[in-house]
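**Q**
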Amino acid sequence: MPEVYDPQNFQRMNEGRFNMIVDVFLNMFIVISVVSTCFFLYIMHITKMLHSNLKFTLMFLSITLRLMTVTRAVADFAYLMDSTAQITYYICESMSFCHLLSMGFVQLSFAALVIERALATIYHANYELWGNKLAKVVIGLFTINAVGFCLTCLLLKSYGIVRAEENFPTCIIVFKCPVFTIYSWAVFGLTMLLGAGPIVWLYYYNKKMCLFRANGSLTTRYQYHDNVVILRIYAPVIVFAVFGIGLVCMVIVLTAGIKLLHHETLSLEMYTLFKCTFVMSDIAATSIETVLIRFHPVLWLNARRCFPCFFKAEKVGEGPKETEIAYGPDFHFNQLTASWK
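Numbering (numbering that gives the first Met the number 0), first residue to last: 0 to 340.
1) Cα-Cα, which of Ile251, Leu66, Phe24 is closest to Gly188?
2) Can you name, in chain order, every residue of its own chain whose Cβ lies under 6 Å from the Cβ of Phe148, other than the five neighbours on each side?
3) Please specify which runs of the alpha helix (DSSP H), each continuous and at least 4 residues long, are wholly inside the segment 167-216, giving them in chain order.
4) For a quick check, are the C-beta atoms of Ser35 and Ala302 less than 9 Å apart?
5) Between which residues of its own chain and Met94 is the CB-CB distance below 6 Å, once the five residues before and five after are set aside?
6) Are Thr56 and Leu112 closer than 9 Å when you measure CB to CB?
7) Excluding five sequence neighbours on each side, which residues of the same chain lie with their C-beta closer than 7 Å to the C-beta of His123?
8) Going by C-alpha distance, which of Asn52, Cys91, Asp81, Cys97 is nearest Arg65?
9) So Ser61 and Phe28 are supposed to be a Cβ contact under 8 Å. How far apart are they, rounded?
10) Sort Gln106, Cys275, Ile171 by Cα distance to Thr190 and report the nearest one.
11) Note the first and the last residue of the continuous alpha helix (DSSP H) segment covering Val161.
12) Taking Cys342 as part of the alpha helix (DSSP H), name the residues at either end of that continuous run.
13) Go ahead and pull the three-state DSSP assignment for Ala134.
14) How about Ala255 and Pro168: are their beta carbons less than 9 Å apart?
15) Looking at the structure shown, is Asp81 part of a helix, part of a strand, or coil, going by DSSP?
16) Excluding the five sequence neighbours on either side, which residues of its own chain have a C-beta within less than 6 Å of the C-beta of Cys152, listed in chain order?
17) Does the beta-carbon of Tyr78 have 16 or more other beta-carbons within 10 angstroms, so that it is buried, or is it exposed?
18) So what's Tyr122 in DSSP terms, helix, strand or just coil?
19) Taking the alpha-carbon of Ile42 as reference, which of Ala134, Ser32, Lys54 has the nearest alpha-carbon?
20) Quick one, which of Pro197, Val278, Val297 has its alpha-carbon nearest Ile45's?
21) State the Cα-Cα distance for the pair Phe109 and Gly194, rounded to the nearest angstrom.
22) Report the residue from Ile257, Cys209, Tyr126 whose alpha carbon sits nearest the alpha carbon of Tyr182.
23) Can you tell me which of Glu115, Met249, Ile121 puts its alpha carbon nearest to the alpha carbon of Ala134?
24) What first and last residue would you give for the alpha helix (DSSP H) that runs through Lys258?
25) In whole angstroms, give me the CA-to-CA distance for Leu128 and Asn52.
26) Measure the alpha-carbon distance for Tyr88 versus Leu25 and round it to whole angstroms.
27) Are the CB atoms of His295 and Val236 nearer to each other than 9 Å?
28) My guess is that Asn226 and Ala119 are in contact by the Cβ rule of under 8 Å, so how many angstroms apart are they, rounded?
See the structure below:
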């Protein structure tokens, strides 16, 4: 007897395949992003010429972004193995707290980058003497926001003020209660839109000031040039990682928000779309780290020097007389000094 075509069964099969494909990409990018972050942190650690404020801020944001990935992966793995065990409950609670805390930091991550470069432009004459005090102050303020966000979410969940979605197969509070995710993306989107304009203005201002090399000291000229280098790197990051991937993720979570406003129950397919935002967030974070290392002269030189098996040294000359350049940590600064004399 021929099999009767069932549209609902066919739809469920397609949804299952889509969910499986998303899971494969999610697990793959978890591994890639963790390896990328370890490599990025190592290169940042050995780079002594990068300003302490910028270095401290970038390393801290990279750690918090990856903390979101790791805590989510650990909690989902424990929940998948045995969702009823007591140890799973404690793992989920601890991972949920860490995930909420890291998400509170990430909400204002773009604002931290804008503030750091803005102050580097305003106080260009003595910014090199600041150390990492600015980064500590900014991160201290962000810690207050992160702790406040974390405690608020836990209280709202504990008293049942925010509804949990039973169809979401996860124990992470911020995804079990999508309202928290929607709020986080809304805050990030607002800082993204407000910060894009200042980033562009700072780039063109520093580029213009670089043309007046004779009007300042070597320290001032170096600071302007460093600002241009950093802000030029931020440009593709803003276009691709922030506006591109960020807007797609915001559309998904805002769609879930509209459904919640109409008191609709979110389906398993919506959680699959939420997992798509996890994948895209990992791609964005990895791309930011890759772009910074590849296009910042000092970071790129250190990467090539420390891992010659992956990055070939630049060669000068032709034929038997060609030689490999051995870059030192102060190679880039010496080049700038020679060009300004």
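Note that CB positions come from ideal geometry on N, CA and C, so glycine has one too.
All values derive from a computational prediction rather than experimental measurement.
**A** Let me lay it out:
1) Residue 188 sits at position 189 when you count from the first residue of the sequence shown. Selected option, being the one with the closest Cα: Ile251.
2) Taking the first residue of the sequence shown as 1, we reach residue 148 at position 149. Closer than 6 Å at the Cβ level, and outside the excluded window around Phe148, lie Gly103.
3) 172-175, 177-209
4) Taking the first residue of the sequence shown as position 1, residue 35 is located at position 36. Taking the first residue of the sequence shown as position 1, residue 302 is located at position 303. Not a contact, by the Cβ cut-off of 9 Å.
5) As a first step, residue 94 must be located in the sequence shown, where it is residue number 95. The answer, listed in chain order, is Thr70, Val73, Ala74.
6) Along the sequence shown, read from residue 1 onward, the residue named residue 56 stands at position 57. Along the sequence shown, read from residue 1 onward, the residue named residue 112 stands at position 113. Yes, Cβ-Cβ distance for Thr56 and Leu112 is below 9 Å.
7) For the purposes of this step, residue 123 is identified with residue 124 of the sequence shown, where counting begins at 1. Excluding sequence neighbours, His123 sits near Thr219, Gln222, Tyr223.
8) Taking the first residue of the sequence shown as 1, we reach residue 65 at position 66. Closest option to Arg65, Cα to Cα, is Cys97.
9) Indexing the sequence shown from 1 puts residue 61 at position 62. Indexing the sequence shown from 1 puts residue 28 at position 29. Actually they do not touch by this definition, with Cβ atoms about 15 Å apart.
10) Taking the sequence shown and counting its residues from 1, one reaches residue 190 at position 191. Checked all of Gln106, Cys275, Ile171; the closest Cα to Thr190 is Gln106.
11) For the purposes of this step, residue 161 is taken as the residue at position 162 of the sequence shown. First-last for Val161: undefined, no H or E at that position.
12) Since the first residue shown for the chain is 0 and the last is 340, residue 342 is missing from the structure and cannot be characterised.
13) Numbered from its first residue, the sequence shown carries residue 134 at position 135. Residue state, collapsed to three classes: helix.
14) Mapped onto the sequence shown, residue 255 falls at position 256. Mapped onto the sequence shown, residue 168 falls at position 169. The answer is no: Cβ separation not under 9 Å.
15) As a first step, residue 81 must be located in the sequence shown, where it is residue number 82. It is coil, neither helix nor strand.
16) Taking the sequence shown and counting its residues from 1, one reaches residue 152 at position 153. Cβ neighbours of Cys152 beyond the five flanking positions: Leu99, Phe179.
17) Numbered from its first residue, the sequence shown carries residue 78 at position 79. Under this definition Tyr78 is a buried residue.
18) By 1-based counting over the sequence shown, the position of residue 122 is 123. Note: Tyr122 maps to coil in three-state DSSP.
19) Sequence index remark: in the sequence shown, residue 42 carries index 43 (1-based). Here the closest residue by C-alpha is Lys54.
20) The sequence position of residue 45 within the sequence shown is 46, counting from 1. Considering only alpha carbons, the answer is Val297.
21) Here the question's residue 109 lines up with position 110 in the sequence shown. Here the question's residue 194 lines up with position 195 in the sequence shown. When rounded, the distance between both Cα atoms is 7 Å.
22) What you label residue 182 is simply residue 183 of the sequence shown in a count that begins at 1. Among Ile257, Cys209, Tyr126, the Cα nearest to that of Tyr182 belongs to Ile257.
23) Counting from 1 along the sequence shown, the entry for residue 134 is found at position 135. It is Glu115.
24) Here residue 258 refers to the residue found at position 259 when the sequence shown is read from its first residue. First-last of the alpha helix (DSSP H) with Lys258: 245-260.
25) As a working mapping, residue 128 is identified with position 129 in the sequence shown. As a working mapping, residue 52 is identified with position 53 in the sequence shown. Between Leu128 and Asn52, the C-alpha separation is close to 11 Å.
26) As a first step, residue 88 is located in the sequence shown; it is residue number 89 there, counting from the start. As a first step, residue 25 is located in the sequence shown; it is residue number 26 there, counting from the start. About 23 Å.
27) Within the sequence shown, the letter at position 296 stands for residue 295. Within the sequence shown, the letter at position 237 stands for residue 236. No, these two residues do not count as a Cβ contact at 9 Å.
28) Residue mapping note: residue 226 aligns to position 227 of the sequence shown, counting from 1. Residue mapping note: residue 119 aligns to position 120 of the sequence shown, counting from 1. Right, their Cβ atoms sit about 6 Å apart.
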